[in-house]
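S.K.: Residue numbering for the sequence shown follows numbering that gives the first Met the number 0, starting at 0 and increasing by one per position. Glycine included, C-beta positions come from ideal geometry on N, C-alpha and C. Quantities reported herein were computed from a predicted structural model and do not represent experimental measurements. Below you'll find the structure I mean.
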Amino acid sequence: MKVYLKDGNIATKNLNPGTSVYGEELIQEDVEYRIWNPRRSKLAAALLNGLKNLELDDASKVLYLGASTGTTVSHISDIVINGRIYAVEFSPTTAKKLVQLSRQRPNIAPILGDATKPKEYMNIVEKVDLVYCDVAQPTQTELFMKNMNLILKDDGMGMITIKARSIDVVQKPKKIFKQEEKKLIEKGFKIIDKVKLEPYEKDHIALVVEKNF
Ligand SMILES: C[S@@+](CC[C@H](N)C(=O)[O-])C[C@H]1O[C@@H](n2cnc3c(N)ncnc32)[C@H](O)[C@@H]1O
């Protein structure tokens with residue numbers, strides 16, 4: 000994955016030079032880089048915390064669930080320059096910004112849709128190398144598996160960020176993470192990497208999974 004170290008921060012090469020997406024700093028060198036803020040993007044937090052096994056190259060196809068206004072999507076767009084990101088977001092207000100972003104970045108295909116109903120968009124997306132899930136909802140693991148079962152290539156990967164408090168505000172985060180991991184394993188997924196997101200995000204974990212069948 001093409002991620003660069005700049006002044007102690009991680010950064011991606013700006014696919015759309017001269018434009019900052021969410022107020023991030025731009026660094027001019029031989030080419031332009033965008034600082035990737037781990038307090039705004041859980042994928043950046045996971046990478047800074049040592050996530051290793053996520054494979055993304057310049058031709059990767061990604062299904063992104065919970066795209067919001069496109070903060071993390073924009074950095075993935077810098078990485079998969081010749082690939083495609085199918086970015087699913089269910090809030091029409093939020094998706095407006097995502098649509099604007101996709102006009103500047105041809106590798107982003109915005110989808111106004113509900114990630115709990117992948118059958119409604121599976122015909123307009125192709126099989127992908129990575130399903131990335133950051134919806135912060137109680138049933139996020141279930142919808143993540145549903146999307147992987149329908150849209151992930153057999154040799155593809157999934158990544159989910161789990162916010163313990165979105166699932167249960169009372170239970171200890173450790174117990175919730177175990178419970179969500181168990182759901183994945185019981186449905187035939189293998190967890191190949193796991194990192195906590197502190198100090199950038201409290202009580203969050205990121206899991207990378209593969210199909211195990
Ligand atoms: C934590 S935010 C995502 C932040 C984003 N991933 C980023 O790093 O830039 C969660 C997003 O998921 C969206 N969302 C929640 N449930 C969803 C669903 N069922 N289908 C699609 N989007 C959903 C919310 O509207 C919100 O924009």
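How close, in whole Å, do the beta carbons of Val124 and Ile150 come, if the pair is a contact with beta carbons under 8 Å?
M.R.: Their Cβ separation, rounded to whole angstroms, is 6 Å, which keeps Val124 and Ile150 in contact under 8 Å.
S.K.: I need the DSSP call for Arg164, collapsed to helix, strand or coil.
M.R.: Note: Arg164 maps to helix in three-state DSSP.
S.K.: Rounded to whole angstroms, what's the CA-CA distance from Ile247 to Ala205? Just pull it up for me.
M.R.: Given a span of 0 to 212 for the chain in the structure shown, any question on residue 247 remains unanswerable.
S.K.: From the DSSP output, which residues share a beta bridge with Ile185?
M.R.: The amino acid at residue 185 is misidentified as Ile; the sequence shows Glu. None, per the DSSP bridge assignment.
S.K.: If you count every other CB in all the chains shown that lies within 10 Å of the CB of Arg83, and 16 or more means buried, which is it?
M.R.: By the neighbour-count rule (16 or more Cβ atoms within 10 Å), Arg83 is buried.
S.K.: Is it true that the CB of Gly65 sits closer than 8 Å to the CB of Asp133?
M.R.: Cβ atoms of Asp133 and Gly65: closer than 8 Å.
S.K.: Alpha carbon to alpha carbon, what distance is there between Gly187 and Lys171?
M.R.: Their Cα atoms are separated by approximately 25 Å.
S.K.: For Thr18, collect the residues of the same chain with a Cβ closer than 7 Å to its Cβ; drop the 5 residues on either side in sequence, then sort them by chain order.
M.R.: Cβ neighbours of Thr18 beyond the five flanking positions: Gln103.
S.K.: Could you check where the alpha helix (DSSP H) with Asn8 kicks off and where it finishes?
M.R.: No alpha helix (DSSP H) contains Asn8, which is instead part of the beta strand (DSSP E) from Asn8 to Lys12.
S.K.: Candidates Val168, Ile75, Asp202 and Pro117: which alpha carbon is nearest Met147's?
M.R.: For the residues Val168, Ile75, Asp202 and Pro117, the minimum Cα distance to Met147 belongs to Pro117.
S.K.: In terms of alpha-carbon separation, which member of Ile110, Pro137 and Leu55 lies closest to Val168?
M.R.: Out of Ile110, Pro137 and Leu55, Pro137 has the C-alpha closest to the C-alpha of Val168.
S.K.: Would you say Phe188 lies against chain D (beta-carbon separation less than 8 Å)?
M.R.: Here there is only one protein chain, and chain D is not present.
S.K.: Given 7 Å as the limit, tell me if Phe89 has its C-beta closer than that to any heavy atom belonging to ligand 2.
M.R.: The model depicted lacks ligand 2 and carries ligand 1 instead.
S.K.: Three or more C-beta pairs closer than 8 Å, one from the region 91–106 and one from the region 59–75: is that the case here?
M.R.: The answer is yes - the region 59–75 touches the region 91–106, with three or more Cβ pairs under 8 Å.
S.K.: Output yes or no for whether 8 Å exceeds the beta carbon distance between Ile107 and Ser76.
M.R.: Yes, Cβ-Cβ distance for Ile107 and Ser76 is below 8 Å.
S.K.: With DSSP collapsed to three states, give me the class of Ala108.
M.R.: Looking at Ala108 - three-state DSSP - the assignment turns out to be strand.
S.K.: Using three-state DSSP, classify Gln27 as helix, strand or coil.
M.R.: DSSP places Gln27 in strand when its eight states are reduced to three.
S.K.: Is any heavy atom in ligand 1 found nearer than 7 Å to the beta carbon of Lys193?
M.R.: It does not: the Cβ of Lys193 is nowhere closer than 7 Å to a heavy atom of ligand 1.
S.K.: To the nearest angstrom, report how far apart Ala44 and Val194 are at their CA atoms.
M.R.: C-alpha separation (whole angstroms): 9 Å.
S.K.: According to DSSP, is Ile175 part of a helix, a strand, or is it coil?
M.R.: Helix, per DSSP.
S.K.: I'd like the list of long-range same chain contacts for Ser165, defined as Cβ closer than 8 Å, with 5 residues on each side in sequence excluded.
M.R.: Excluding positions up to five away in sequence, the list reads Ala135, Gln136, Pro137 and Gln139.
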